[in-house]
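Mapping to the numbering used here: the sequence shown position 23 is 24, numbers consecutive.
Before any comments, here is the structure.
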Amino acid sequence: MLEASATPPEEARRRAWECLDAAALLIDGDSDGRIDADAGPVGLACAVVLARAGRNALGEPAAARQVCHRNPLHGAARRRATARPADGGAARSLPVCEACRVTPGPVLRLRSPGSGGRGGYVPYATLPGPLAALGDGAGIDQLTRDVREYFGVH
Numbered sequence: 002m003l004e005a006s007a008t009p010p011e012e013a014r015r016r017a018w019e020c021l022d023a024a025a026l027l028i029d030g031d032s033d034g035r036i037d038a039d040a041g042p043v044g045l046a047c048a049v050v051l052a053r054a055g056r057n058a059l060g061e062p063a064a065a066r067q068v069c070h071r072n073p074l075h076g077a078a079r080r081r082a083t084a085r086p087a088d089g090g091a092a093r094s095l096p097v098c099e100a101c102r103v104t105p106g107p108v109l110r111l112r113s114p115g116s117g118g119r120g121g122y123v124p125y126a127t128l129p130g131p132l133a134a135l136g137d138g139a140g141i142d143q144l145t146r147d148v149r150e151y152f153g154v155h
């Protein structure tokens, strides 16, 4: 889609390429064009979020900047809502999709990588890796930087 698109604005093109590159780092470490056998739920979810954000960058650049902090798989966050952390900290304004702004949906829960398929599901923001930053309201540009740093790519 990126190569077939008409000349998008430079910021949109940069964000789309960075999202594609970061998604590939997460699930195709050996660069063979296939999802690695050891790609886990957290990496797969993060790659889906990045792929969608990259696609959105081409069609609607502003929508690709943030995703819903409650469930990044909901997609673009066009609004903000006040949220109080589970630890009782101060309330903060965080990005949300329209559905979660109206009625806060459940937080995305994923199986922990160390559970060997037997453990329970936990909130995505408590799991190791770059995806967790979205739970604190980080944007897509920060996520792509975190993925590159996580893999030691600069």
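Ideal placement from N, C-alpha and C gives every residue a C-beta, glycine not left out.
- If you follow the alpha helix (DSSP H) that V97 is part of, which residue opens it and which one closes it? Working through the sequence shown from its first residue, we reach residue 97 at position 96. Unbroken run through V97 is the beta strand (DSSP E), R93 to V97; no alpha helix (DSSP H).
- Query: So G136 packs on C47, CB below 8 Å; how close in whole Å?
  - Reply: Locating residue 136 in the sequence shown gives position 135, counting from the first residue. Locating residue 47 in the sequence shown gives position 46, counting from the first residue. Incorrect: roughly 12 Å between the Cβ atoms, too far for contact.
- V148, DSSP secondary structure in three states: Taking the first residue of the sequence shown as position 1, residue 148 is located at position 147. Looking at V148 - three-state DSSP - the assignment turns out to be helix.
- Task: For the beta strand (DSSP E) containing P124, list its first residue and its last residue.
- Result: The sequence position of residue 124 within the sequence shown is 123, counting from 1. First-last of the beta strand (DSSP E) with P124: Y122 to P124.
- Item | Residues sharing a beta bridge with V160, DSSP | As shown, the chain starts at 2 and ends at 155. That puts residue 160 outside it, with no answer to give.
- For A133, name the three-state secondary structure that DSSP assigns. Within the sequence shown, the letter at position 132 stands for residue 133. Helix, per DSSP.
- Considering only the beta carbon of each residue, do D147 and A134 sit closer than 8 Å? Here residue 147 refers to the residue found at position 146 when the sequence shown is read from its first residue. Here residue 134 refers to the residue found at position 133 when the sequence shown is read from its first residue. In this structure, A134 lies closer than 8 Å to D147 by Cβ.
- Message: Report the CB separation of P195 from R110 in whole angstroms; it is logged as a contact under 8 Å.
- Response: Residue 195 lies beyond the residue range present for the chain, which begins at 2 and ends at 155; the question has no answer from this structure.
- Message: I need the DSSP call for T83, collapsed to helix, strand or coil.
- Response: Locating residue 83 in the sequence shown gives position 82, where the first residue counts as 1. It is a strand residue.
- Task: Output the distance between the C-alpha atoms of A25 and S32, rounded to the nearest integer angstrom.
- Result: The count along the sequence shown starts at 1 and reaches residue 25 at position 24. The count along the sequence shown starts at 1 and reaches residue 32 at position 31. Those two C-alpha atoms are separated by around 8 Å.
- So, using beta-carbon positions, are R16 and A65 closer together than 8 Å? Position 15 of the sequence shown, counting from 1, holds the residue named residue 16. Position 64 of the sequence shown, counting from 1, holds the residue named residue 65. Yes, they are a contact pair.
- To the nearest whole angstrom, what separates the beta carbons of P62 and A92, a pair I think is in contact under 8 Å? Position 61 of the sequence shown, counted from the first residue, corresponds to residue 62. Position 91 of the sequence shown, counted from the first residue, corresponds to residue 92. Actually they do not touch by this definition, with Cβ atoms about 30 Å apart.
- Query: With respect to the beta strand (DSSP E) encompassing L59, which residues constitute its N-terminal and C-terminal limits?
  - Reply: The sequence position of residue 59 within the sequence shown is 58, counting from 1. Here L59 belongs to no beta strand (DSSP E); instead the alpha helix (DSSP H) covers P42 to G60.
- Message: To the nearest angstrom, how far is the alpha carbon of L108 from that of N72?
- Response: On the sequence shown, residue 108 is found 107 positions in, with the first residue counted as 1. On the sequence shown, residue 72 is found 71 positions in, with the first residue counted as 1. In the sequence on display, residue 108 carries Val and not Leu. Straight-line Cα distance between these residues: approximately 5 Å.
- Look at A30 and D37 and say whether their C-beta atoms are less than 8 Å apart. Reading the sequence shown from its first residue, position 29 is the one you call residue 30. Reading the sequence shown from its first residue, position 36 is the one you call residue 37. As written in the sequence, residue 30 is Gly, which differs from the Ala given in the question. Yes, they are a contact pair.
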